[in-house]
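Report on the following structure.
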Amino acid sequence: MKIVSLSYPLTPEQKIELGMPQIAAIGQFDGLHTGHASVISTAVELARKESLPSAVITFYPHPKDVMRKGKYEGYLTPQQDKQQLLSDMGVDILYVVDFNEEFSQVSPEDFVTEMLMPLQLHTAVVGFDFRFGFKGAGHADMLCEMSQGTIQVVIVPPFLMDGEKVGSSAIRAALYNGHISDVTRWLGRYYRIRGTVIHGEKRGRALGFRTANLELEENYVTPALGVYAVWARCTSHQEWIPGVMSVGLKPTFHEGIVKPIYEVHLLDYDGDLYGQTMVVDVVEFIRRELKFNSIDKLIKEIQNDVEKTRAILLP
Numbered sequence: 001m002k003i004v005s006l007s008y009p010l011t012p013e014q015k016i017e018l019g020m021p022q023i024a025a026i027g028q029f030d031g032l033h034t035g036h037a038s039v040i041s042t043a044v045e046l047a048r049k050e051s052l053p054s055a056v057i058t059f060y061p062h063p064k065d066v067m068r069k070g071k072y073e074g075y076l077t078p079q080q081d082k083q084q085l086l087s088d089m090g091v092d093i094l095y096v097v098d099f100n101e102e103f104s105q106v107s108p109e110d111f112v113t114e115m116l117m118p119l120q121l122h123t124a125v126v127g128f129d130f131r132f133g134f135k136g137a138g139h140a141d142m143l144c145e146m147s148q149g150t151i152q153v154v155i156v157p158p159f160l161m162d163g164e165k166v167g168s169s170a171i172r173a174a175l176y177n178g179h180i181s182d183v184t185r186w187l188g189r190y191y192r193i194r195g196t197v198i199h200g201e202k203r204g205r206a207l208g209f210r211t212a213n214l215e216l217e218e219n220y221v222t223p224a225l226g227v228y229a230v231w232a233r234c235t236s237h238q239e240w241i242p243g244v245m246s247v248g249l250k251p252t253f254h255e256g257i258v259k260p261i262y263e264v265h266l267l268d269y270d271g272d273l274y275g276q277t278m279v280v281d282v283v284e285f286i287r288r289e290l291k292f293n294s295i296d297k298l299i300k301e302i303q304n305d306v307e308k309t310r311a312i313l314l315p
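According to this note's numbering, the sequence shown is numbered sequentially starting from 1.
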């Protein structure tokens, strides 16, 4: 998959180099959930039918991150993961549009005439709720009109599961509440985080459960504080290893911590992981974070967490 960075307005050179008939799905696509996949797969299938390149036009950073508008607390799928997923879906070209305050002021008409039309889109594939331009004033039906009929438009209806529309907001809410089975079902895969193993307090070793402290690579959506059954993979070990992950503020030992700490205990593993990248797939929520009155009670609860994780991942 070819990745192309764009900024508004396109340069004359970009208009010449990039302009070619192609079929593109357009959207933010944070999460690349099953609803997004229905839009993108429609574009890919139509492109193959028409013997044209398939493309995705997306925006980075997230508009809410730039505009500080609404409740925005991290990415469901950071850019690196998004790129890999889109490549696996058969997308030929990924256009990443630099979203900044200047771009947020661009009118719907200028977005179409100065960015989409120079790309010579044959067809734009969008979701039913697609909005574009300043204050989201543009909607899907306006794309064909503003392009003077040069861009065909395919509007994909809502993707429903059990009669409910799949959306990024619902997935975020499910993560906040620890409803991981819903998250997995709506994403079509496990929720994934990625980070570097750093030195921590080494308290897990003293408790008999060594943990890898993660410094996350991206601003991820933080799931409910608590304990999770996970699969983890490290730079030096490409196989997936079962583990227990704690996301929390460590109330048994500290007060006043505000940024959640991610710790992963890998089952039956005792290697040196410092400095390595660890990818973690979140499988199931085990329990909420608790404050214990004694170390012995904490150790006993961790033992229970490990046994529950074994039953979930290694039945």
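Cβ atoms here follow ideal geometry from the backbone N, Cα and C, with glycine treated the same way.
Buried or exposed, going by whether 16 or more other CB atoms sit within 10 Å of the CB of Y274? In the sequence shown, residue 274 corresponds to position 274, counting from 1. Using a 10 angstroms sphere on the CB of Y274, the tally of other CB atoms stays under 16, which defines it as exposed.
Span separating the alpha-carbon of F159 from that of K49: As a working mapping, residue 159 is identified with position 159 in the sequence shown. As a working mapping, residue 49 is identified with position 49 in the sequence shown. Rounded to the nearest angstrom, the two C-alpha atoms are 22 Å apart.
Return helix, strand or coil for K82, following the three-state DSSP convention. Residue numbering aside, residue 82 sits at position 82 when the sequence shown is read from its first letter. Note: K82 maps to helix in three-state DSSP.
Mind checking which residues open and close the beta strand (DSSP E) that includes Q152? In the sequence shown, the residue the question calls residue 152 occupies position 152. For Q152, the uninterrupted beta strand (DSSP E) segment begins and ends at 152-156.
Boundaries of the beta strand (DSSP E) in which R189 is found, first to last residue: Residue 189 sits at position 189 when you count from the first residue of the sequence shown. No beta strand (DSSP E) contains R189, which DSSP labels as neither H nor E.
Along the chain, which unbroken stretches of the alpha helix (DSSP H) at least 4 residues long are found entirely within the stretch 81-120? Runs of the alpha helix (DSSP H) inside the stretch 81-120: 101-104, 108-111.
Kindly list the residues whose CB is nearer than 6 Å to the CB of G31, restricted to its own chain and excluding five residues on each side of it in sequence; keep chain order. Locating residue 31 in the sequence shown gives position 31, where the first residue counts as 1. L76, T77, S168, I171.
Using a threshold of 8 Å, state whether the C-beta atoms of A37 and G188 are closer than that. Within the sequence shown, the letter at position 37 stands for residue 37. Within the sequence shown, the letter at position 188 stands for residue 188. The beta carbons of A37 and G188 sit closer together than 8 Å.
As an exercise, report each continuous beta strand (DSSP E) stretch of at least 3 residues that is fully enclosed by the stretch 267-295, in chain order. Listed in chain order, the beta strand (DSSP E) elements of length 3 or more contained wholly in the stretch 267-295 are 277-288.
Give me the Cα-Cα distance between L119 and L18, rounded to the nearest whole angstrom. Walking along the sequence shown from the start, residue 119 turns up at place 119. Walking along the sequence shown from the start, residue 18 turns up at place 18. Straight-line Cα distance between these residues: approximately 6 Å.
Let me know the secondary structure DSSP gives R210 once reduced to three states. For the purposes of this step, residue 210 is identified with residue 210 of the sequence shown, where counting begins at 1. R210 falls in the coil class under three-state DSSP.
What does DSSP give as the partner residue(s) for E217 in the beta ladder? Start at 1 with the first residue of the sequence shown, and residue 217 comes out as number 217. Residue pairing for E217: DSSP places it in no beta bridge.
Below 8 Å between beta carbons: does that hold for I193 and Y220? Residue 193 sits at position 193 when you count from the first residue of the sequence shown. Residue 220 sits at position 220 when you count from the first residue of the sequence shown. For the pair I193 and Y220, the CB atoms are nearer than the 8 Å cut-off.
Rounded C-alpha distance that separates K300 from D182: On the sequence shown, position 300 is the one that residue 300 refers to. On the sequence shown, position 182 is the one that residue 182 refers to. Approximately 29 Å between the Cα atoms of the pair.
Can you check DSSP and say which residues form a bridge with W240? Locating residue 240 in the sequence shown gives position 240, counting from the first residue. According to DSSP, W240 bridges with nothing at all.
For the beta strand (DSSP E) that G226 lies in, which residues bound it at each end? Position 226 of the sequence shown, counted from the start, is the residue given in the question as residue 226. Residues 226-234.
Going by C-alpha to C-alpha distance, which of K2, L143, K64, T235 sits closest to S54? In the sequence shown, counting from the first residue as 1, residue 54 sits at position 54. Here the closest residue by C-alpha is K2.
For M89, which residues in the same chain have their Cβ closer than 8 Å to its Cβ, ignoring the five residues on either side in sequence? Walking along the sequence shown from the start, residue 89 turns up at place 89. Cβ-Cβ distances below 8 Å link M89 to A37, I40, S41, V44 in the same chain, with the five nearest sequence neighbours on each side left out; the list follows chain order.
Since Y60 is in the beta strand (DSSP E), which residue starts that stretch and which ends it? As a working note, residue 60 is residue 60 in the sequence shown. Element bounds for Y60: 54-60.
Identify, in the order they occur along the chain, each residue of the same chain with its Cβ nearer than 7 Å to the Cβ of P21, setting aside the five sequence neighbours on each side. Along the sequence shown, read from residue 1 onward, the residue named residue 21 stands at position 21. L52, Q120, H122, listed in sequence order.
Expressed to the nearest angstrom, what Euclidean distance is found between the alpha-carbon atoms of P15 and Y95? On the sequence shown, residue 15 is found 15 positions in, with the first residue counted as 1. On the sequence shown, residue 95 is found 95 positions in, with the first residue counted as 1. First, the residue type needs correcting, since residue 15 is Lys and not Pro in the sequence shown. C-alpha of K15 to C-alpha of Y95: approximately 13 Å in a straight line.
Expected contact under 8 Å - CB spacing of G74 and T222 to nearest Å: Along the sequence shown, one-based indexing puts residue 74 at 74. Along the sequence shown, one-based indexing puts residue 222 at 222. Contact flag correct, Cβ pair sits at about 7 Å.
Buried/exposed call for P157, threshold 16 Cβ in 10 Å: As a working note, residue 157 is residue 157 in the sequence shown. P157 comes out exposed.
Starting from the N-terminal side, write out each stretch of the alpha helix (DSSP H) that is 4 residues or longer and does not extend beyond the stretch 5-58. Listed in chain order, they are 12-18, 34-50.
In the DSSP output, what is E164 paired with across the bridge? Your numbering for residue 164 matches position 164 in the sequence shown. According to DSSP, E164 bridges with M161.
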